[in-house]
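Below you'll find the structure, written out as structure tokens, and then a few comments.
Residue numbers (my numbering): 123 to 307.
This is how it looks when you write it as structure tokens:
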């Protein structure tokens with residue numbers, strides 16, 4: 123009597139093995155395209171985006187504000203949100219650097235949250251600060267600068283041109299070196 127291979131328990135194990143291999147292969151292909159897309163976005167920012175978009179935001183007092191109004195000063199733009207713990211962890215480093223580099227304007231650009239949320243975060247800081255908190259209610263800046271991770275930090279020269287860009291959290295010493303490098307140019 124011939125046994126049908128489809129009723130065989132071994133076939134099920136082979137089918138599961140093949141399905142697993144196919145899933146791993148698909149995951150590898152997906153990861154490959156994800157990494158390449160990320161690299162394309164990173165290089166796109168470095169080669170195409172030379173200045174920040176001229177967008178009208180709201181400052182902490184609800185008044186219109188534009189980063190381009192800061193031309194003539196070195197500017198550090200930190201993109202953050204209250205739900206992003208690495209972003210919140212980065213703020214004390216920026217506060218310390220703001221005290222060290224009084225000639226640099228530090229902009230805390232919030233992604234899509236209300237002024238109340240932004241004020242609450244600002245008020246939770248332990249000391250007086252001169253960070254400039256602004257709201258991007260529509261998340262336009264992050265989208266137009268090809269935002270990819272959180273936080274993102276842009277370093278602008280006195281002409282409003284992007285001279286450096288950090289994706290993700292970075293320690294205070296590395297941020298300090300970036301600011302010193304741009305200041306020396």
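Note that the Cβ used here is the ideal one computed from N, Cα and C, for glycine as well.
| Query | Result |
| --- | --- |
| Cβ-Cβ distance between residue 308 and residue 193 below 7 Å | Beyond the ends of the chain as shown, which are 123 and 307, falls residue 308; an answer cannot be given. |
| Under 7 Å between C-beta atoms of residue 247 and residue 229 | no |
| Bounding residues of the beta strand (DSSP E) (the contiguous stretch that carries residue 179) | 179-181 |
| Endpoints, beta strand (DSSP E) assigned at residue 285 | 284-289 |
| Bridge-paired residues (DSSP) for residue 200 | 230, 275 |
| C-beta atoms of residue 304 and residue 285 nearer than 7 Å | yes |
| Bridge partners - residue 256, DSSP secondary structure assignment | 181, 231 |
| C-beta contact flag for residue 233 and residue 215 at 7 Å | no |
| CA nearest to the CA of residue 198, picked from 293, 178, 231, 245 | 231 |
| Beta-carbon gap between residue 259 and residue 271 smaller than 7 Å | no |
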